[in-house]
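Trainee: Provided herewith is a single structure, encoded as C-alpha cells, for subsequent inquiry.
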Amino acid sequence: MKIQKNHLVLLSLFIISLLLNFFIFKEDSRLPHVSTFTILLITFLLTVSKNRLKKLIGLFILFLINIKVIYSLNFNGNITISVLHSILETNINETIFMLGSLFLKLILPAFILTTFLFYLITKINKNLENTPLIFHSILLFTALSIILTILDIKDEHRLISNIREDKKELGFFFQHKVPLVFGDMVYLLISSYDNSKYSNTAEIEKFNSSIISKKDNNNKNIILIMGEASLYSRYSTYGYHLNTTYHMTKLFSTDNSCIINNVHSSAPITRDSVSMTLAFHTPESNENLFNNKSIIEMAKANGYKTYWLGSQEIQGLHGSKYGFIAQKSDEIKLTNYNDNKLANLLAKVLSDSAQKRFIVIHLYGNHMPYNNYDELDKKALPKAEKYDLTIHHTDRIINDIFNVINEKKIDFNLIYTSDHGEVVNVGHGLEKGRDQYLIPFMYNSTNPNYDCQFIEYFRNKDGFLSGLMNKYILSELLGYEIDKNILRKERQYDRVLTANEDILPFSLIK
Ligand SMILES: [Zn+2]
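According to this note's numbering, the stretch in the sequence shown is residues 877 to 1386, in order.
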C-alpha cells in the first residue's frame, strides 16, 4: 500500500515538474527537468518531515517556489537577471516599498497557495519521510543532476573561461539551468560578492622588465585606432573584389604610410586582445596586467595626456579587462556603440592645450549582428553582404578621423588595426577558424624616424606581425627604449591565446 502511494507522489511531482518547466519557465532541456523535479521532491520531503526545522525550511522553499510561479504568471515571463539585480542594488527603503506594492499581486497569493499546499501535503501523508523508495530517488536524482551539470558545462561554449573572468557567469548558468528558485539563489549569492579584481584604479609604479630607458622622440600625437572583428581579406585595400575600403587605400598609400601584410591578433576575443595590446601580460599569465604599468600609464609617465574615445563599454564581462587599463586615461569619452560620434570627439580632444597626446579610439566596427552601416553604404555597394557594408562604413569613419587630423594640421603617428578578425557570418571567439585572427594593420606617420621600416622590425621569423607586438611598438613610439633580447624572444615565439584559453603557435591555427 505504502509503495503505491509513494509511486503516486513521485508521479505527481514529476508531472508538476514537467508542467512548471514547459509552461511557466519555458525551459526544455535535460538539466532543468532533472533539477526542477529534484527540488520539488526535496521540498516535499522537508515539508512532511517530523523535524520542525526541516519542516520550516521546506515551507520556506515552498513559499519561494510559489512566489516564483506567481511572478511568472503575473508578468508573463521568468524572473530575469535584471530583476535579480534590482533586488541586489536597491536599498532597504526601496525594497520595502517594492514589496508593499507587490503585496497583493505576489506575496499574499503566494502565502495563500503555500498554506493550501501545506494542508494538502499533510493530508496526503504524514509518514513518507525516509522510506527507501523516496530516499533512493533523491540519491539517484542528485547524482544525475551532478552528471548533467558537468555535461552541460562541457557543452557551453567558453563557460569555464567566462566564469574565470567573471564569477557571475556561473550564476547566469545556474539561473538558466535550475529555474526553480535554487538557480536564482546561486546567482544572488555569487553576484553579491563583487567582481573586484579590476576595480583597483591606483597607479601602478613598476615598468615592465623590457623597458630600459626614456627619451623624447618628438612624437606629438600618437593615435591607436582599434577596430572590432575586422577580417583583413574583406578590405579592398588587401585585394577584396568589392571596393569596401577605398578611403583607407588612399590614406595609407602615401609616402609616409604603409599597409602591412600578414598580421594576426593575439587572441580571438576583445577583452584578451585589446588588453594584451595595451599592457604587458602574456597568453601564459595575467600577472603583468596588475604588476606593470600599462601603455596608458607609460604614456602619462612620459608627458603625454591620455584619452580613451570608445564606442564599446569598458565594464562587464567583455569590457572590464581592458576597462581596467582604459580607466587610467586622463579623459574617457564613450559613444554607446556609435562610431559616427568618434571623429567629433577627436576634434574636441585635438583642440585642447596638451602638448603631447596618446589617444585610443576603440571602434564598434564590424561586430555581429553586422548592423553598423547606413543607407550610404548600401547605395555604394548595393549587392554586398552586410558584413562588407560594415567594413565600408568603418572606412568612412577612418576617413572622417583623418579629415579631423588634417584640419588640425598636427604631427602624428597613427595605427589602424583590429582586436581580432571574424569568421564571417559565424563570429569569433570560436574553437576553430584562422580568419578570426587575421586582421588589417595600417600605419601613417609624419615623423620620418618612425616610418614603415620601424613597424617591419617587429615582424617574426614566420613572416607575421603579431598583436603581441603592439605594446612594444607603442612603447617605442611613446619614447621608451626596449631591451632587444627580451623583444627578440617575444617576437620569435609566435603564439596566440585561443578562445578556450589554450596557448598555441599561430602556425598551428587552422
Ligand atoms: Zn572584439
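By construction, the Cβ of each residue, glycine as well, lies at the ideal position given by its N, Cα and C atoms.
Bear in mind that the values here come from a model prediction, so they are computed numbers and not experimental data.
Apart from the five residues on each side of it in sequence, which residues of its chain come closer than 6 Å, Cβ to Cβ, to residue 877?
Mentor: Low per-residue confidence applies at residue 877: pLDDT is 45, beneath 50, and the placement is therefore not dependable, though the value from the model is reported in the following sentence. For residue 877, same chain residues with a beta-carbon under 6 Å away, outside a window of 5 residues either side, do not exist.
Trainee: If you compare alpha carbons, which of 1022, 1354, 1223 and 985 is closest to residue 1234?
Mentor: It is 1354.
Trainee: Which residue from 1383, 1286, 916 and 1321 puts its Cα closest to that of residue 1311?
Mentor: It is 1383 whose Cα lies nearest to the Cα of residue 1311.
Trainee: Is there contact here, the region 919-931 with the region 1024-1041, by at least three beta-carbon pairs under 8 Å?
Mentor: no
Trainee: Counting pairs of beta carbons, one from the region 1212-1225 and one from the region 1263-1279, are three or more of them closer than 8 Å?
Mentor: yes
Trainee: With which residues is residue 1209 paired in a DSSP beta bridge?
Mentor: According to DSSP, which records beta bridges pairwise, residue 1209 is partnered with 1185.
Trainee: Report the rounded CA-to-CA distance for residue 897 versus residue 1055, giving the unit in angstroms.
Mentor: 8 Å
Trainee: Determine the closest residue to residue 991 out of 1029, 942, 948 and 1015, with distance taken between C-alpha atoms.
Mentor: 942
Trainee: Check whether the region 1093-1105 touches the region 1312-1329, counting contact only when three or more Cβ pairs, one atom from each stretch, lie closer than 8 Å.
Mentor: Output reads yes: the region 1312-1329 touches the region 1093-1105.
Trainee: Would you kindly work out how many angstroms separate the C-alpha atoms of residue 966 and residue 1223, rounded to a whole number?
Mentor: Caution applies to residue 966, whose pLDDT of 48 falls short of 50 and renders its modelled position unreliable; the value that the coordinates give is listed next. Straight-line Cα distance between these residues: approximately 39 Å.
Trainee: Between the C-alpha atoms of residue 844 and residue 1315, what's the straight-line distance to the nearest angstrom?
Mentor: No statement about residue 844 is possible, as the shown extent of the chain runs from 877 to 1386 and does not include it.
Trainee: Using a threshold of 7 Å, is the CB atom of residue 1296 nearer than that to any non-hydrogen atom of ligand 1?
Mentor: yes
Trainee: Heavy atom of ligand 2 less than 7 Å from the Cβ of residue 1113, yes or no?
Mentor: Ligand 2 is absent from the structure shown, which contains only ligand 1.
Trainee: Is any non-hydrogen atom of ligand 1 found closer than 7 Å to the C-beta of residue 1189, if you look at the structure I gave you?
Mentor: no
Trainee: Of the choices 917, 893 and 918, whose alpha-carbon is the least far from that of residue 906?
Mentor: 893
Trainee: Helix, strand or coil for residue 942 per DSSP?
Mentor: Looking at residue 942 - three-state DSSP - the assignment turns out to be helix.
Trainee: Can you tell which of 1184, 1201 and 1196 has the C-alpha that lies nearest to the C-alpha of residue 1211?
Mentor: Among 1184, 1201 and 1196, the Cα nearest to that of residue 1211 belongs to 1184.
Trainee: Determine the extent of the alpha helix (DSSP H) in which residue 1170 is found, giving its start and end residues.
Mentor: Neither: residue 1170 is in no alpha helix (DSSP H) and is coded neither H nor E.
Trainee: Any idea what DSSP makes of residue 1239, helix, strand or coil?
Mentor: coil
Trainee: For residue 1280, report the span of its alpha helix (DSSP H) as first-last.
Mentor: Its alpha helix (DSSP H) spans residues 1262-1284.
Trainee: What are the start and end residues of the beta strand (DSSP E) that includes residue 1087?
Mentor: 1087-1090
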